[in-house]
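Visitor:
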């Protein structure tokens with residue numbers, strides 16, 4: 521199965537790859553924001569710029585899709601994949617924005633941990649996208665994405681349980697619960713990328 | 521590209537259009553409820569009736585779909601579009617119901633603003649659905665839907681940040697957070713309509 | 521319409537049926553946990569084991585899908601259905617896990633009621649899956665799933681309104697709101713199964 525299935529119109533792969541690379545970049549910036557919790561507003565704005573760039577990439581893909589007759593795989597699958605990659609980025613950005621907008625004074629070890637998981641997941645997404653042309657190498661990164669999403673789910677669950685037992689100020693509990701959920705949603709959206717890729721795989725196998 | 525792509529079976533367009541018109545009606549009733557915050561339970565019940573009518577329209581579409589051999593575009597796209605329009609309406613109704621059920625004593629300028637954005641978004645959805653037959657006129661309303669969803673996201677984000685800094689009663693904070701999120705979810709579902717339309721466009725282009 | 525549409529490759533039906541049966545089992549265990557609220561951690565762990573078994577079934581389906589040339593209906597529909605069944609189970613497990621992890625000291629009549637609705641919904645899902653081969657018998661269980669989801673929505677809405685008017689500890693309000701929402705999300709995911717089945721029906725009718 522090592523053969524290349526899709527010789528036609530390579531640029532869609534380049535564009536999808538560019539989108540995935542852009543997401544890793546945002547995830548790393550989020551990780552840095554949470555590991556070194558200083559200058560939060562400026563760092564959150566920088567992540568917003570990366571998200572804007574992501575919007576441009578997504579529009580380029582959809583636009584090219586609308587002007588290309590033959591596509592390397594089903595038109596609607598490229599469309600869904602581009603959109604789903606964009607959703608991951610939206611939730612990464614939402615996580616950093618919430619830290620800034622809610623004026624959270626410090627990070628916790630749990631948000632850092634979630635950001636690290638997110639970076640690993642985004643790296644596995646890049647690997648999966650890179651291997652779209654060699655379908656037999658897709659299984660590894662897909663399994664890794666799944667594992668990381670389960671891990672993030674457990675970290676978030678425990679973080680919220682800890683929050684509840686902390687006897688903290690209820691407003692702070694609400695804020696933090698929202699932030700843990702937003703980070704977990706980002707990893708969840710990453711798993712949706714894996715589902716789209718699995719669906720493409722199922723069709724072409 | 522000004523030509524009409526879909527001469528066959530016009531009634532699906534009429535039905536989808538009727539569904540979109542019904543959603544605008546509900547959005548305007550929600551806007552009225554929030555702009556003139558009196559008689560809330562009765563107004564919320566009136567919106568519930570519009571939602572029930574929406575369910576009827578959706579079932580009619582699906583039923584007709586199941587009895588029609590040739591459809592103007594892919595059977596599953598009509599199906600997805602009908603369902604997605606219904607989801608917008610569900611969240612509009614959920615917004616009004618929460619104001620009533622949670623016994624919220626007054627509206628805020630932010631919920632009014634969100635309702636106004638929602639009305640504009642639903643009007644753009646009607647325009648997009650109307651132009652399904654002239655695909656080149658779809659781009660304008662789709663862009664507008666996207667812009668309005670981003671705007672709603674920002675308004676909701678700021679409203680929740682303000683809520684957190686208000687030192688209010690925690691239960692009130694929870695209620696209002698939920699209401700802002702429900703309104704924002706309605707605009708989000710509207711954007712999903714745009715995605716479905718973009719997907720149809722991508723296929724037929 | 522009593523004829524069997526899909527004579528080929530019966531095992532996909534067996535596997536999908538096995539997945540649905542596994543979900544009913546988890547729903548009944550959740551109902552038991554909430555009706556007889558003792559030994560919560562052990563019962564939640566037992567539900568987790570059923571979820572793990574569900575993961576195995578899902579992977580078997582996808583794996584078989586990838587090794588089978590001719591499938592009884594569209595490859596991506598089997599894929600989507602298997603995934604969507606898995607999502608129902610995930611939310612059932614999440615409901616029981618939250619009771620345990622948040623150290624909830626007792627159940628309420630509303631969580632029991634939601635669990636009973638969920639069991640009925642999962643039984644309707646089994647009936648729908650069983651009748652995938654006789655499409656004309658699908659309408660009944662699909663309508664029932666829809667009815668039960670609406671009922672769950674109303675029970676959850678009223679439960680949260682009651683919670684808000686209870687003057688309880690804000691942290692407890694947050695915990696319970698989350699638990700009601702998680703249970704309602706499980707019924708919502710069940711309705712998504714119905715949507716996938718309706719979509720398959722729309723294609724094959």
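Protein chains in written order, with the working numbering: chain A, 521 to 725; chain B, 521 to 725; chain C, 521 to 725.
A virtual CB, placed ideally from N, CA and C, is assigned to each residue, including glycine.
Measure the Cβ-Cβ separation of residue 509(A) and residue 677(B) and say whether it is below 9 Å.
Guide: Residue 509(A) lies beyond the stretch modelled for chain A, which goes from 521 to 725, so this question has no answer here.
Visitor: Under a Cβ-count criterion, where at least 16 other Cβ atoms within 10 Å of its own Cβ denotes burial, should residue 531(A) be classed as buried or exposed?
Guide: Start at 1 with the first residue of the first chain, and residue 531(A) comes out as number 11. Counting Cβ neighbours within 10 Å, residue 531(A) comes out exposed, since fewer than 16 surround it.
Visitor: Return helix, strand or coil for residue 525(B), following the three-state DSSP convention.
Guide: Mapped onto the second chain, residue 525(B) falls at position 5. Confidence at residue 525(B) is low in this model, with a pLDDT of 45, below 50, so the placement of that residue should be treated as unreliable; the coordinate-derived value is given next. Under the three-state reduction of DSSP, residue 525(B) is assigned to coil, being neither helix nor strand.
Visitor: Taking beta-carbon pairs under 7 Å, can you tell me which members of the region 676-707 of chain A lie near chain B?
Guide: Contacts with chain B (Cβ-Cβ distance below 7 Å) from the region 676-707 of chain A involve 690, 691, 694 and 695, listed in chain order.
Visitor: Could you check whether the Cβ of residue 595(C) sits closer than 9 Å to any Cβ belonging to chain A?
Guide: Here residue 595(C) is taken as the residue at index 75 of the third chain, counted from 1. Cβ-Cβ to chain A under 9 Å: yes for residue 595(C).
Visitor: In the DSSP assignment, find the alpha helix (DSSP H) that holds residue 661(B) and state where it starts and stops.
Guide: Position 141 of the second chain holds residue 661(B). Its alpha helix (DSSP H) spans residues 659-684.
Visitor: How many Å lie between residue 690(A) and residue 696(C) at the Cα?
Guide: Locating residue 690(A) in the first chain gives position 170, where the first residue counts as 1. Locating residue 696(C) in the third chain gives position 176, where the first residue counts as 1. Their backbone Cα atoms lie some 14 Å apart in a straight line.
Visitor: Just verifying my parser: in three-state terms, what is the DSSP assignment at residue 536(B)?
Guide: Counting from one through the second chain, the residue named residue 536(B) turns up at place 16. Helix at residue 536(B).
Visitor: Can you name the residues of chain C whose CB is closer than 7 Å to the CB of residue 614(A)?
Guide: Walking along the first chain from the start, residue 614(A) turns up at place 94. Result: empty, since nearest Cβ-Cβ is about 19 Å, beyond 7 Å.
Visitor: Name the chain A residues that come within less than 8 Å of residue 718(B), Cβ to Cβ?
Guide: The residue you call residue 718(B) lines up with position 198 of the second chain. Counting only Cβ-Cβ distances below 8 Å, residue 718(B) has contacts in chain A at 582 and 599, in chain order.
Visitor: Roughly how many whole angstroms lie between the Cα atoms of residue 568(C) and residue 621(C)?
Guide: One-based indexing of the third chain puts residue 568(C) at position 48. One-based indexing of the third chain puts residue 621(C) at position 101. Cα to Cα, residue 568(C) sits roughly 13 Å from residue 621(C).
Visitor: If I measure Cβ to Cβ from residue 587(A) and keep anything under 6 Å in the same chain, skipping five residues before and after, which residues do I get?
Guide: Locating residue 587(A) in the first chain gives position 67, where the first residue counts as 1. So no residue of the chain qualifies.
Visitor: Can you give me the C-alpha to C-alpha distance between residue 662(A) and residue 563(B), rounded to a whole angstrom?
Guide: Looking up residue 662(A) in the first chain gives position 142. Looking up residue 563(B) in the second chain gives position 43. Taking the straight line from one Cα to the other gives about 49 Å.
Visitor: Of all the options 670(C), 694(C) and 669(C), which has the alpha carbon lying nearest to the alpha carbon of residue 681(C)?
Guide: Against the third chain, residue 681(C) aligns to sequence position 161. When each option's Cα is compared against that of residue 681(C), the closest is 694(C).
Visitor: Against chain D, with Cβ distances strictly below 9 Å, would residue 622(B) count as a contact?
Guide: The chain inventory of the structure shown lacks chain D, comprising the protein chains A, B and C.
Visitor: Should residue 671(B) be flagged as near chain C, meaning a C-beta pair shorter than 9 Å?
Guide: Translated into the one-based positions of the second chain, residue 671(B) becomes position 151. No, residue 671(B) does not count as interfacial toward chain C.
Visitor: Run the CB neighbour count on residue 558(B), radius 10 Å, all protein chains shown included, and call it buried at 16 or more, exposed below.
Guide: Along the second chain, read from residue 1 onward, the residue named residue 558(B) stands at position 38. That one is exposed.
Visitor: Just the C-alpha distance for residue 683(C) and residue 614(B), rounded to the nearest angstrom, thanks.
Guide: On the third chain, position 163 is the one that residue 683(C) refers to. On the second chain, position 94 is the one that residue 614(B) refers to. Their backbone Cα atoms lie some 18 Å apart in a straight line.
Visitor: Between residue 654(B) and chain A, is there a C-beta pair that is closer than 9 Å?
Guide: As a position in the second chain, residue 654(B) is number 134, starting the count at 1. No - not a single Cβ of chain A is within 9 Å of the one on residue 654(B).
Visitor: Would you mind stating whether residue 719(B) and residue 599(A) have Cβ atoms separated by less than 9 Å?
Guide: Numbered from its first residue, the second chain carries residue 719(B) at position 199. Numbered from its first residue, the first chain carries residue 599(A) at position 79. Yes. Within cutoff.
Visitor: If we count Cβ pairs, one from each stretch, closer than 8 Å, do we get three or more for the region 706-719 of chain C versus the region 632-650 of chain B?
Guide: no
Visitor: Within 9 Å (strictly less), CB to CB, does residue 602(C) reach chain B?
Guide: Residue 602(C) sits at position 82 when you count from the first residue of the third chain. Not one chain B Cβ lies under 9 Å of residue 602(C).
Visitor: Run the CB neighbour count on residue 625(C), radius 10 Å, all protein chains shown included, and call it buried at 16 or more, exposed below.
Guide: Start at 1 with the first residue of the third chain, and residue 625(C) comes out as number 105. Classification of residue 625(C): exposed, given that the 10 Å Cβ count is below 16.
Visitor: Counting only the same chain and skipping the five closest in sequence on each side, list residues whose C-beta sits under 6 Å from that of residue 701(A).
Guide: Here residue 701(A) corresponds to residue number 181 of the first chain, with the count starting at 1. Excluding positions up to five away in sequence, the list is empty.
Visitor: Does residue 617(B) come within less than 9 Å of chain C when only Cβ atoms are used?
Guide: Working through the second chain from its first residue, we reach residue 617(B) at position 97. Answer yes: the Cβ-Cβ gap between residue 617(B) and chain C drops below 9 Å somewhere.
Visitor: Quick check on residue 595(A): buried or exposed, where buried means 16 or more other Cβ atoms within 10 Å of its Cβ?
Guide: For the purposes of this step, residue 595(A) is taken as the residue at position 75 of the first chain. Result: buried.
Visitor: Roughly how many angstroms separate the alpha carbons of residue 610(B) and residue 724(B), rounded to a whole number?
Guide: In the second chain, counting from the first residue as 1, residue 610(B) sits at position 90. In the second chain, counting from the first residue as 1, residue 724(B) sits at position 204. Their backbone Cα atoms lie some 29 Å apart in a straight line.
Visitor: Run through DSSP, which three-state label would residue 590(C) get?
Guide: Translated into positions along the third chain, residue 590(C) becomes position 70. Of the three classes helix, strand and coil, the one that applies to residue 590(C) here is coil, per DSSP.
Visitor: Starting from residue 712(B), find everything on chain A with Cβ-Cβ shorter than 9 Å and list it in chain order.
Guide: Along the second chain, read from residue 1 onward, the residue named residue 712(B) stands at position 192. From the beta-carbon of residue 712(B), no residue of chain A is found nearer than 9 Å; the closest lies around 10 Å away.
Visitor: In whole angstroms, what is the alpha-carbon distance linking residue 616(A) and residue 550(A)?
Guide: Within the first chain, the letter at position 96 stands for residue 616(A). Within the first chain, the letter at position 30 stands for residue 550(A). Approximately 6 Å between the Cα atoms of the pair.
Visitor: Just reading off the alpha helix (DSSP H) that residue 644(A) is part of, what are its end residues?
Guide: What you label residue 644(A) is simply residue 124 of the first chain in a count that begins at 1. From DSSP, the alpha helix (DSSP H) with residue 644(A) extends over 629-650.
Visitor: Could you give the distance in angstroms between the alpha-carbon of residue 708(A) and the alpha-carbon of residue 669(A)?
Guide: As a working mapping, residue 708(A) is identified with position 188 in the first chain. As a working mapping, residue 669(A) is identified with position 149 in the first chain. Roughly 6 Å between the two C-alpha positions.
Visitor: Please determine, among 556(B), 547(B), 606(B) and 597(B), the residue with the shortest C-alpha to C-alpha distance to residue 575(B).
Guide: Working through the second chain from its first residue, we reach residue 575(B) at position 55. Checked all of 556(B), 547(B), 606(B) and 597(B); the closest Cα to residue 575(B) is 606(B).
Visitor: Which stretch, first to last residue, makes up the alpha helix (DSSP H) that contains residue 690(C)?
Guide: The residue given as residue 690(C) occupies position 170 in the third chain. 690-724 is the extent of the alpha helix (DSSP H) around residue 690(C).
Visitor: State the start and end residues of the unbroken alpha helix (DSSP H) segment that holds residue 558(C).
Guide: Your numbering for residue 558(C) matches position 38 in the third chain. Element bounds for residue 558(C): n/a, residue is neither H nor E.
Visitor: Taking the C-alpha atoms as reference points, what is the distance between residue 464(B) and residue 536(B)?
Guide: Outside the shown range of chain B (521 to 725) lies residue 464(B), about which nothing can therefore be said.
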